[in-house]
Amino acid sequence: MKITDSLSKLKNVDWDYLGDQSDSPFANLHFYPGRFISQIPATLIGRLSKPGDTVLDPYCGSGTTLVESQRLGRHAIGIDINPTSILISRAKLIPIRHLRIRNLLRGRLNHFLDQRLTLGGKIPISPVETPSAVQLTKWYHPTTAAQLKEIWAYISSLRGISKELMEFAFSGILMQACSETRHWGYICDNTRPIEHRYIDAIDIFSNSVKKLELAYANRDADLPPSALFPLPRASVFLGDATTVMQNFTAHTVDLIITSPPYFGVIDYVKSQRLAMEWFGFNIETFRASETGARSKRHRIAAYSEYISELDGALREMARVLKPDGVLALLVGKSATREDPLPDLLEAARRAGLHLQDEFSREIAQGRRQASSLTNETLYLFSRS
Ligand SMILES: C[S@@+](CC[C@H](N)C(=O)[O-])C[C@H]1O[C@@H](n2cnc3c(N)ncnc32)[C@H](O)[C@@H]1O
């Protein structure tokens, strides 16, 4: 099919999805800023690719594009500089039936709770099992901290898929367990909770495991009738988008759907500070390579570095796309920062990408990740 024919299938889509509250069953299990509503990648994948194709998201964040790709029978490839993004995405992409996931999750959770019951409400903690980077006394009430240590000790004894799933459930409760209630407290370096409040970590962890089980059940309920198990493979890589794509063979990707970081609006790595501490990821190491990070916005060369990094990434996207492939780029501009759109469009043109169409969309108020981000534009490029 000619690219113009494929793209014409998008003409009547209402990209705002303002009244549509449906979203991926995995969407709200874990806080991740700037994420797609799943209807956007689902619509693009459904209309611009076919089962068996390969879909890439080089800034995959919480894995929305990848989850929708796998659900619709496409091979998914994701890249992100944020190690928590990789942990979150992988745990949503296990290609086996939910009944097996359910058995694994229920088995582990019950084992953990039974052990606590038998041991009088406490699992023995060996001091090596809580990573030294975790600021236990700063972020958590002492009893919450003790419970988190128990959960962590139990998860550390697991292996394979069970461990991956339980780690996801654990990382998803850290913000709720933390005594810092002001959002910026997780991101800024010099804040601490005003007072410590007790949160029952065992309870919220059990709920988090149950929600993950339910999300997998809903994923399977939403699969197209043609879906076959195991679902298609999804590969998720940790690293800088440009550097990782340089290892990919040219002309191997059918569709790229991505939303690169906006300039100077969000700190993605820092937003996962609590998980970074538990999982032993050094914030500074990863933040240094984060494109457009808010914390870098005052540097003299911040904007030109941002454009130059996206310029490199666009060149790689153009190289890995098949000749009849499409790049769907969702970009926003903040009312309070430089407008990067003209420079990005120019970088895409230099990379050999041809702008075929664009759709502006309003972001529903409750879904805005930053109050200054009210609109974004979906650009569709072809290589030919
Ligand atoms: C707008 S978010 C993507 C959100 C994603 N669409 C979702 O649904 O969750 C941009 C992502 O780019 C990542 N990122 C920033 N700099 C990067 C780089 N140099 N290479 C790869 N990923 C990067 C951030 O960690 C963040 O996850």
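Residue numbering for the sequence shown follows my numbering, starting at 787 and increasing by one per position.
Glycine is no exception: its CB is placed at the ideal position from the N, C-alpha and C atoms.
Relative to the Cα of residue 976, the nearest Cα in the group 865, 1056 and 1168 belongs to 1056. By alpha-carbon distance to residue 1143, the top candidate from 1161, 1114 and 854 is 1114. Relative to the non-hydrogen atoms of ligand 1, the Cβ of residue 803 never comes closer than 7 Å to any of them.
Nearest C-alpha to residue 923 among 1063, 1075 and 1073: 1063. Here residue 1124 has 1049 and 1089 as same chain residues with Cβ atoms under 7 Å from its own Cβ, once five neighbours each way along the sequence are excluded.
Just so you know, the alpha carbons of residue 851 and residue 886 end up roughly 24 Å apart.
Bounds of any beta strand (DSSP E) do not take in residue 884; it lies within the alpha helix (DSSP H) bounded by 884 to 904. When Cβ pairs closer than 8 Å are counted between the two stretches, the segment 1076 to 1091 is seen not to touch the segment 1009 to 1025, the count staying below three. Annotation for residue 1001: 811, 812 and 815 place their beta carbon closer than 7 Å to its own, counting only its chain and skipping 5 residues before and after. For residue 1014, no alpha helix (DSSP H) run applies, since DSSP gives it neither H nor E. Apart from sequence neighbours up to five positions away, the residues of its chain that approach residue 872 with a beta-carbon distance below 7 Å are 866, 1022 and 1024, ordered along the chain. For residue 1164, the CB contacts under 7 Å within the same chain, skipping 5 residues up- and downstream, are 801, 1114, 1116, 1144, 1145 and 1147 in chain order. By the neighbour-count criterion, in which a residue is buried when 16 or more other Cβ atoms sit within 10 angstroms of its Cβ, residue 861 is buried.
Out of 948, 869, 940 and 1137, the CA that lies nearest to the CA of residue 1169 is found in 1137. Using a Cβ-Cβ distance cut-off of 8 Å, the segment 901 to 911 and the segment 826 to 841 are not in contact, since fewer than three pairs of beta carbons, one from each stretch, lie closer than that value. For the segment 1017 to 1096, the continuous beta strand (DSSP E) assignments of 3+ residues that do not extend past its boundaries occur at 1020 to 1024 and 1039 to 1044, in sequence order.
Of the candidates 995, 946 and 928, 928 places its Cα closest to the Cα of residue 984.
DSSP lists 1165 as the bridge partner or partners of residue 1144. Short of 8 Å from the beta carbon of residue 879, and not among the five residues preceding or following it, lie these beta carbons of its own chain, in chain order: 849, 852, 853, 856, 862, 1020 and 1022. Non-local C-beta neighbours of residue 988 in its own chain, meaning closer than 6 Å and more than five positions away in sequence, comprise 933, ordered along the chain. Separation of the CB atoms of residue 1134 and residue 1100 is rounded to 5 Å, and the pair is thereby assigned contact status at 8 Å.
Not one heavy atom of ligand 1 lies closer than 7 Å to the C-beta of residue 1013.
Excluding sequence positions up to five before and after residue 912, its CB lies within less than 8 Å of the CB of 939, all in the same chain and listed in chain order.
For residue 1102, same chain residues with a beta-carbon under 7 Å away, outside a window of 5 residues either side, are 1028, 1031 and 1032 in chain order. For ligand 1, a non-hydrogen atom lies closer than 7 Å to the CB of residue 1077.
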